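Take a look at the structure below.
Residue numbers (the UniProt record's numbering): 1 to 215.
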């Protein structure tokens with residue numbers, strides 16, 4: 001308890017950092033994941049190839065390697081001076097987008113093909129059909145795996161602490177270096193992560209119940 005009371009401000013900053021990088025990475029991953037899922041089911045072959053390449057490359061790249069490239073290579077080539085927080089959010093968001101893409105694509109595949117064909121017969125474009133007809137129905141199927149993916153994203157945010165991003169495991173490392181007993185430190189860090197992950201699970205349970213009622 002003493003370690004938390006003596007260094008509450010650092011713990012608070014680490015918790016806020018974890019929540020912040022989780023939120024920003026989630027936004028990036030959701031946007032990219034939905035867009036790439038649309039590319040993967042596109043009737044245009046080059047777009048499908050790009051979507052497949054995106055998913056294959058990112059899903060088979062270790063997240064730590066992606067953080068290394070984003071943190072040390074990208075600033076040298078493209079965006080010098082970009083903060084570690086932004087770079088870490090990009091790395092985590094891009095990586096997670098490949099998993100969200102596959103979850104969304106699986107949801108799209110559960111929608112009967114006849115509905116998309118009926119929409120096209122009414123003159124809708126592919127993007128209109130996807131946005132107005134297919135994705136709203138696929139959402140019910142996508143929610144359960146999406147919850148698991150975002151919980152995994154939250155836990156993966158711990159890697160950002162090794163790349164100068166202020167978050168919970170960065171606080172744990174600092175306290176360990178100052179000589180505090182590591183067991184209570186890990187307990188407090190674990191409890192903080194449980195707060196975030198249980199919150200995500202709770203939000204998705206509410207969404208799933210509302211989807212069931214709407215059905």
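A virtual CB, placed ideally from N, CA and C, is assigned to each residue, including glycine.
Since we're looking at a predicted model, the values are computed, not measured.
Beta-carbon spacing of residue i, residue j below 8 Å
{"i": "residue 168", "j": "residue 93", "result": "no"}
{"i": "residue 138", "j": "residue 107", "result": "yes"}
{"i": "residue 208", "j": "residue 144", "result": "yes"}
{"i": "residue 89", "j": "residue 28", "result": "yes"}
{"i": "residue 19", "j": "residue 134", "result": "no"}
{"i": "residue 57", "j": "residue 95", "result": "no"}
{"i": "residue 91", "j": "residue 67", "result": "yes"}
{"i": "residue 41", "j": "residue 131", "result": "no"}
{"i": "residue 8", "j": "residue 188", "result": "no"}
{"i": "residue 179", "j": "residue 170", "result": "no"}
{"i": "residue 119", "j": "residue 129", "result": "yes"}
{"i": "residue 26", "j": "residue 174", "result": "no"}
Closest by C-alpha distance to residue i, when choosing among the options
{"i": "residue 39", "options": "119, 145, 97", "result": "97"}
{"i": "residue 155", "options": "191, 47, 87, 80", "result": "191"}
{"i": "residue 203", "options": "77, 113, 148", "result": "148"}
{"i": "residue 146", "options": "162, 200, 63, 50", "result": "200"}
{"i": "residue 21", "options": "43, 206, 193", "result": "193"}
{"i": "residue 43", "options": "126, 182, 62", "result": "126"}
{"i": "residue 163", "options": "153, 87, 181", "result": "87"}
{"i": "residue 34", "options": "136, 210, 73", "result": "136"}
Backbone CA spacing between residue i and residue j [nearest angstrom]
{"i": "residue 121", "j": "residue 30", "result": "30 Å"}
{"i": "residue 172", "j": "residue 184", "result": "10 Å"}
{"i": "residue 115", "j": "residue 70", "result": "41 Å"}
{"i": "residue 157", "j": "residue 23", "result": "10 Å"}
{"i": "residue 64", "j": "residue 123", "result": "46 Å"}
{"i": "residue 112", "j": "residue 47", "result": "22 Å"}
{"i": "residue 14", "j": "residue 60", "result": "29 Å"}
{"i": "residue 80", "j": "residue 211", "result": "44 Å"}
Secondary structure of residue i, DSSP reduced to three states
{"i": "residue 181", "result": "coil"}
{"i": "residue 145", "result": "helix"}
{"i": "residue 60", "result": "coil"}
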